[in-house]
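Numbering (this note's numbering), first residue to last: 116 to 265. Built from N, CA and C at the ideal position, the CB exists for glycine as well. From a predicted model like this one, the values you see are computed outputs, not experimental measurements. Structure, as structure tokens:
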């Protein structure tokens, strides 16, 4: 399964000419839910693997908790310098333009995929809409669209 997810995100990176693609796994604990970036392609280093987020925190935590995708054309405008510590993946991977989409299985968020560029304004609304329209086909083995809304 891990190999197929890695291959899937490599194909998506190529298909949309992205700089970075990453997928989280969700770890349920008795009193909290943690998310960890498990798979990535186009990464600068391995720091992303050490990022652990709680539900509602960081890009993945917010998308996981709300179940809604996030689109940011320019992270420098959207997040001030003093806010960036809340978004460690943006800092460590130097993401300037991105979207994050929940991955569903049986009406529950199973993970989050982050698709990004290291140049601002490259994740246009048109590209974002195209990615959302194709997400079920692109993640056919781990995605079911039951609850996704824009």
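Review point. Between 169, 163 and 139, which lies nearest to residue 146 when the distance is taken from Cα to Cα?
Key: Taking only the C-alpha atoms, the option nearest residue 146 is 169.
Check your understanding: Exposed or buried, what is residue 214 when buried is set at 16 or more other beta-carbons lying within 10 Å of its beta-carbon?
Key -> So residue 214 ends up on the buried side.
Review point. Do the segment 183 to 199 and the segment 154 to 169 touch if we need at least three Cβ pairs shorter than 8 Å?
Key: At 8 Å Cβ cutoff, the stretches do not touch.
Exercise for review: Tell me where the beta strand (DSSP E) around residue 173 begins and ends.
Suggested key: No beta strand (DSSP E) holds residue 173; the alpha helix (DSSP H) holding it covers 173 to 181.
Point to revise | Residue range of the beta strand (DSSP E) that includes residue 169 | key: Start and end: 167 to 169.
Point to revise | Nearest-angstrom Cβ-Cβ length linking residue 188 and residue 238, presumed shorter than 8 Å | key: The beta carbons of residue 188 and residue 238 sit about 6 Å from each other, so the pair counts as a contact at 8 Å.
Point to revise | residue 223 versus residue 138: straight-line alpha-carbon distance, rounded | key: Rounded to the nearest angstrom, the gap between the Cα atoms of residue 223 and residue 138 is 16 Å.
Practice item. Could you tell me the boundaries of the alpha helix (DSSP H) in which residue 188 lies? Key: Careful: residue 188 lies outside any alpha helix (DSSP H) and carries neither H nor E.
Point to revise | residue 266 versus residue 156 - alpha carbon distance | key: Any question about residue 266 goes unanswered here, given that the chain covers just 116 to 265.
Practice item. Verify whether the separation of the beta carbon atoms of residue 253 and residue 127 is less than 8 Å. Key: The answer is yes: Cβ separation under 8 Å.
**Study point:** As assigned by DSSP and simplified to three states, the class of residue 123
**Key:** Note: residue 123 maps to helix in three-state DSSP.
Check your understanding: What does a CB cutoff of less than 7 Å around residue 163 pick up in its chain, not counting 5 residues either side in sequence?
Key -> Shown here for residue 163: same chain residues with a beta carbon closer than 7 Å to its own, the five before and five after excluded, namely 137, 152, 155, 204, 207 and 208 in chain order.
Check your understanding: Any idea what DSSP makes of residue 251, helix, strand or coil?
Key -> Three-state result, residue 251: helix.
Check your understanding: Which runs of the beta strand (DSSP E) spanning at least 3 residues fall entirely within the segment 209 to 254, listed in chain order?
Key -> Segments of the beta strand (DSSP E) lying fully in the segment 209 to 254: 212 to 220 and 223 to 232.
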